């Protein structure tokens with residue numbers, strides 16, 4: 356049922372996705388143009404709020420994963436009970452998948468099998484340099500990013516994701532590794548993880564590892580792919596306590612290697628932003644609880660999150676309609692956190708009038724006029740209140 360829901364969600368929301376662009380970013384490091392799909396959140400160009408900055412979700416296999424990922428992000432970030440913040444979604448397309456997503460050179464296919472399928476493998480470090488030195492700076496320069504970055508990868512993309520969180524920990528705040536190919540090089544790459552986890556400072560970092568079931572061999576623990584993931588989850592990640600890494604492993608008994616990306620990304624994002632959702636009716640009665648909630652998720656994620664202007668406004672309006680004493684505090688918070696927002700000032704002034712505080716309303720309108728000297732509505736309100 357969950358898989359059907361996610362598929363319908365992806366199809367239904369494709370037409371609603373805001374500002375999708377397929378770009379070509381030249382990489383001097385890789386010596387090639389890289390196709391990248393970038394999808395902006397709905398509010399990115401909303402002129403009724405102050406321009407906001409957004410976390411970024413980076414995806415490997417962007418030609419396959421970007422549209423459904425953006426639909427999931429949009430669904431989870433929508434409305435007053437949003438479970439995650441709105442995000443910019445960046446899908447990185449492949450040009451040489453095996454080369455870019457594998458950390459070491461391994462010319463054979465898989466353990467015990469002969470061949471040269473992976474003869475071009477081992478370009479992972481160069482590809483990571485492209486991410487760190489070229490792609491991420493490009494996105495930060497051209498889009499309003501907050502600095503919080505999430506990476507998601509599936510299969511070889513999951514292997515690359517694990518390489519990054521272990522050996523390039525500072526690059527992403529959170530990683531979602533979906534059925535990762537931890538069998539790589541007969542698990543020799545995996546062998547190095549325990550030492551990293553016991554020495555690396557990963558405080559504020561989060562990792563979600565999703566494991567698929569094999570349809571042909573249900574709950575298979577003997578072949579290389581599931582065995583390596585189970586070793587990662589059961590033997591290696593538990594060694595991370597001293598590092599401060601927050602991690603979760605989830606097994607999906609009804610999903611195979613091909614079907615797992617949608618439900619895993621859905622669950623992974625909820626894990627990364629656990630605690631983000633606001634209980635609107637509770638905080639309307641307790642303004643300090645609203646502040647504590649954001650302080651808690653900021654501490655958990657090692658990054659300062661602030662409420663979206665639209666959310667704080669909506670809670671303030673709800674609290675006003677219910678005649679809650681704390682209502683004005685939410686609208687004051689919006690002005691404090693978004694001082695250049697004319698709508699935030701207008702909402703605060705209107706609330707003061709509703710609460711029969713004309714002097715405070717007049718003062719707020721005057722501040723709004725400083726932001727928009729030609730705003731006729733604001734000028735008229737100042738004339739009315741100044742009589």
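Numbering (this note's numbering), first residue to last: 356 to 742.
Even glycine gets a Cβ: it sits at the ideal position worked out from N, Cα and C.
The structure presented is a predicted model; accordingly, all values stated were derived computationally and were not measured.
To the nearest angstrom, how far is the alpha carbon of residue 670 from that of residue 682? Indexing the chain shown from 1 puts residue 670 at position 315. Indexing the chain shown from 1 puts residue 682 at position 327. Approximately 8 Å between the Cα atoms of the pair.
Backbone CA spacing between residue 396 and residue 511 [nearest angstrom]: In the chain shown, the residue the question calls residue 396 occupies position 41. In the chain shown, the residue the question calls residue 511 occupies position 156. Between residue 396 and residue 511, the C-alpha separation is close to 28 Å.
Could you give the distance in angstroms between the alpha-carbon of residue 443 and the alpha-carbon of residue 730? Against the chain shown, residue 443 aligns to sequence position 88. Against the chain shown, residue 730 aligns to sequence position 375. Taking the straight line joining both Cα atoms gives about 32 Å.
Let me know if residue 631 comes out buried or exposed under the rule of 16 or more other beta-carbons within 10 Å of its beta-carbon. Counting from 1 along the chain shown, the entry for residue 631 is found at position 276. Per the 10 Å Cβ criterion, buried.
Opening and closing residue of the alpha helix (DSSP H) in which residue 604 lies: Residue mapping note: residue 604 aligns to position 249 of the chain shown, counting from 1. No alpha helix (DSSP H) contains residue 604, which is instead part of the beta strand (DSSP E) from 601 to 607.
Taking a contact to mean a Cβ-Cβ separation below 9 Å, would you say residue 489 touches residue 380 in this structure? The sequence position of residue 489 within the chain shown is 134, counting from 1. The sequence position of residue 380 within the chain shown is 25, counting from 1. Yes.
DSSP-derived helix/strand/coil call for residue 546: Here the question's residue 546 lines up with position 191 in the chain shown. It is helical.
Over the uninterrupted alpha helix (DSSP H) stretch that includes residue 431, give me the two end residues. Translated into positions along the chain shown, residue 431 becomes position 76. Residues 417 to 431.
Taking only three categories from DSSP, how would you classify residue 655? Within the chain shown, residue 655 is the residue found at index 300, counting from 1. In this structure, residue 655 counts as helix in the three-state DSSP scheme.
Hey, out of 506, 599, 551, whose CA is closest to residue 564's CA? Residue numbering aside, residue 564 sits at position 209 when the chain shown is read from its first letter. Here the closest residue by C-alpha is 506.
Please report the residue range of the alpha helix (DSSP H) in which residue 703 lies. Against the chain shown, residue 703 aligns to sequence position 348. 697 to 709 is the extent of the alpha helix (DSSP H) around residue 703.
Cβ-Cβ distance between residue 600 and residue 557 below 9 Å: Along the chain shown, one-based indexing puts residue 600 at 245. Along the chain shown, one-based indexing puts residue 557 at 202. Cβ atoms of residue 600 and residue 557: closer than 9 Å.
Would you call the CB atoms of residue 662 and residue 688 closer than 9 Å? Here residue 662 refers to the residue found at position 307 when the chain shown is read from its first residue. Here residue 688 refers to the residue found at position 333 when the chain shown is read from its first residue. Yes, the pair counts as a contact, with Cβ atoms nearer than the cut-off.
Cβ neighbours of residue 438 in the same chain (closer than 7 Å, five flanking residues each side left out): On the chain shown, residue 438 is found 83 positions in, with the first residue counted as 1. Cβ neighbours of residue 438 beyond the five flanking positions: 431, 625, 628, 631, 632.
Answer yes or no: do residue 457 and residue 473 have a C-beta to C-beta separation smaller than 9 Å? Stepping through the chain shown from its first residue, residue 457 is reached at position 102. Stepping through the chain shown from its first residue, residue 473 is reached at position 118. Yes, the pair counts as a contact, with Cβ atoms nearer than the cut-off.
Would you give the residue range spanned by the beta strand (DSSP E) that residue 503 belongs to? By 1-based counting over the chain shown, the position of residue 503 is 148. Looking at the DSSP string, the run of the beta strand (DSSP E) that includes residue 503 is 500 to 509.
Looking at the structure shown, is residue 714 part of a helix, part of a strand, or coil, going by DSSP? Within the chain shown, the letter at position 359 stands for residue 714. Reduced to three states, the DSSP call for residue 714 is helix.
Where the alpha helix (DSSP H) through residue 666 begins and ends: Sequence index remark: in the chain shown, residue 666 carries index 311 (1-based). That run of the alpha helix (DSSP H) goes 664 to 676.
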